[in-house]
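Below is one structure, written out as structure tokens; comments come after it.
Protein chains in written order, with the numbering used here: chain A, 1 to 281; chain B, 282 to 460.
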């Protein structure tokens with residue numbers, strides 16, 4: 001009788017309790033990428049790709065056709081020819097730009113002694129609560145959660161959620177991102193924490209330390225996540241006036257995070273041929 | 282039954298659409314909260330079980346596809362659904378200015394709880410940076426919800442000859458007689 005009278009209240013209470021337990025559990029323990037999250041992300045990947053392709057197609061259609069509306073009859077043929085040539089030129093330009101970008105990315109392999117996995121960005125989320133990228137490579141391609149992600153200008157973040165065919169990249173500027181870094185000039189150590197539109201905040205640097213605007217910031221290699229010497233950004237603002245033991249320092253990342261199209265995931269250290277042979281034996 | 286089969290797919294579609302549109306129109310700095318509007322619509326128009334399922338699924342999908350803490354939006358959407366469902370017992374969803382007001386309140390409430398959660402758990406003070414954005418976002422959500430309700434009521438009118446808000450929400454047993 002009691003259950004029958006209060007079944008809705010019990011039902012609602014149970015559902016809210018379940019949601020609260022889920023939230024508390026995730027806040028307390030870092031659960032990584034759960035099976036449910038993997039399935040949802042895997043299901044959403046083709047939809048996201050489809051939307052991206054549609055947006056690109058609409059943009060292209062807009063560029064190609066809308067500006068032609070209203071032209072005189074006698075110019076139509078000429079415009080068609082110009083349009084075709086422009087399209088061809090655009091294709092070459094686009095190809096050239098892509099080649100240049102990829103060349104820059106590939107040059108990372110000469111700079112760092114690591115194995116890289118190239119990947120394309122298929123989605124971006126630069127909202128107030130999270131700054132992430134969605135890339136089209138996943139576990140099947142050898143990616144593992146925690147791997148550093150770079151562009152030609154330097155480090156942009158690390159992998160957080162890795163599914164079978166896609167992954168999420170937590171950007172440096174996300175409030176949940178913390179990277180152990182060094183000031184290249186003075187070897188002063190600190191933690192670069194994401195600060196959204198302000199870039200990163202360099203924390204725990206005492207006021208007596210020599211840091212000035214324009215100093216280059218690199219990874220310190222002290223954490224197991226990032227190898228030493230990856231470019232992170234440049235000090236953009238230093239304030240020693242405020243109360244407290246530490247300076248207030250902002251770091252602007254080298255990479256333009258809003259326009260990233262391709263990235264390189266730093267997978268593992270390159271094995272020298274001799275070492276590899278030895279291992280095989 | 283078809284509703285429950287199509288719901289997960291629609292939730293994924295809506296959330297991905299929401300992320301894509303936010304990226305196109307606002308470069309991500311403002312979120313078009315279509316999923317929240319869908320939850321508010323469910324609170325006004327759907328019966329209890331269908332609505333609560335929708336709220337749970339929308340929240341879970343948004344949790345999985347955004348960078349939010351898993352479970353946070355599931356909880357927010359559930360609470361917002363219950364709030365709107367309770368409000369819908371008192372007011373009619375035909376009055377669009379009321380819909381706009383409820384959506385504004387819900388969006389502000391969601392943002393407030395989010396800021397509070399980040400402040401309490403991660404010690405991230407989001408208030409300085411995002412307060413104007415939150416207000417803009419809430420206004421945008423209320424405008425979208427008015428459009429959404431208008432379109433849906435026209436669609437319902439075309440399909441059924443009248444709108445389908447359950448008139449029997451009397452809390453006798455807690456759920457509408459349909460369930």
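C-beta atoms are modelled at their ideal positions from N, C-alpha and C, and glycine is treated no differently.
- Listed in chain order, the non-local C-beta contacts of residue 213 of chain A below 7 Å within the same chain comprise 235, 236, 237, 238, local neighbours out to five positions each way being set aside.
- Residue 289 of chain B and residue 176 of chain A have their C-alpha atoms roughly 29 Å apart.
- For residue 263 of chain A, the beta-bridge partners assigned by DSSP are A/119.
- Residue contact check for residue 246 of chain A against chain B: no CB pair falls below 8 Å.
- Classified as exposed, residue 110 of chain A has fewer than 16 neighbouring CB atoms from the shown chains inside 10 Å of its CB.
- The beta carbons of residue 369 of chain B and residue 419 of chain B sit no closer together than 8 Å.
- Contact between residue 155 of chain A and residue 146 of chain A does not hold, since the beta-carbon distance rounds to 13 Å and is not under 8 Å.
- Between residue 344 of chain B and residue 124 of chain A, the C-beta spacing is not below 8 Å.
- Per DSSP, the unbroken beta strand (DSSP E) holding residue 167 of chain A starts and ends at 167-171.
- Look at residue 236 of chain A here: in three-state DSSP terms it is strand.
- With respect to the 8 Å criterion, residue 380 of chain B and residue 426 of chain B are classified as neighbours on the basis of their beta carbons.
- Setting aside the 5 residues that flank it on each side, residue 391 of chain B is surrounded in the same chain by 317, 357, 361, each with a C-beta closer than 7 Å to its C-beta; the list follows chain order.
- Closer than 8 Å to the CB of residue 403 of chain B there is at least one CB belonging to chain A.
- For residue 368 of chain B, no CB of chain A lies under 8 Å from its own CB, so it is not counted at the interface with that chain.
- Neighbours of residue 258 of chain A in chain B, taken as residues at a C-beta separation under 9 Å, are given in chain order as 308, 309.
- Contact annotation, residue 194 of chain A with residue 210 of chain A: C-beta distance approximately 25 Å; criterion of less than 8 Å not satisfied.
- Considering only A/249, A/138, A/142, A/26, the residue with the shortest C-alpha distance to residue 38 of chain A is A/138.
- In the three-state DSSP reduction, residue 62 of chain A falls in the helix class (H, G or I).
- Annotation: residue 14 of chain A to residue 7 of chain A spans about 10 Å, alpha carbon to alpha carbon.
- In chain order, 206, 207 place their CB closer than 8 Å to the CB of residue 245 of chain A, counting only its own chain and leaving out the 5 sequence neighbours on each side.
- In the structure shown, residue 418 of chain B falls within a helical segment according to DSSP collapsed to helix, strand and coil.
- By the Cβ criterion, the stretch 220-230 of chain A is not in contact with the stretch 253-260 of chain A, since fewer than three pairs of Cβ atoms, one from each stretch, lie closer than 8 Å.
- Short of 7 Å from the beta carbon of residue 311 of chain B, and not among the five residues preceding or following it, lie these beta carbons of its own chain, in chain order: 303, 414, 417, 418, 421.
- Nearest to residue 130 of chain A by C-alpha distance, out of B/349, B/295, B/294, is B/349.
- For residue 321 of chain B, none of the residues of chain A pass the 8 Å Cβ criterion, the least Cβ distance being about 18 Å.
- Interface flag for residue 41 of chain A against chain B is set, since a Cβ pair is found closer than 8 Å.
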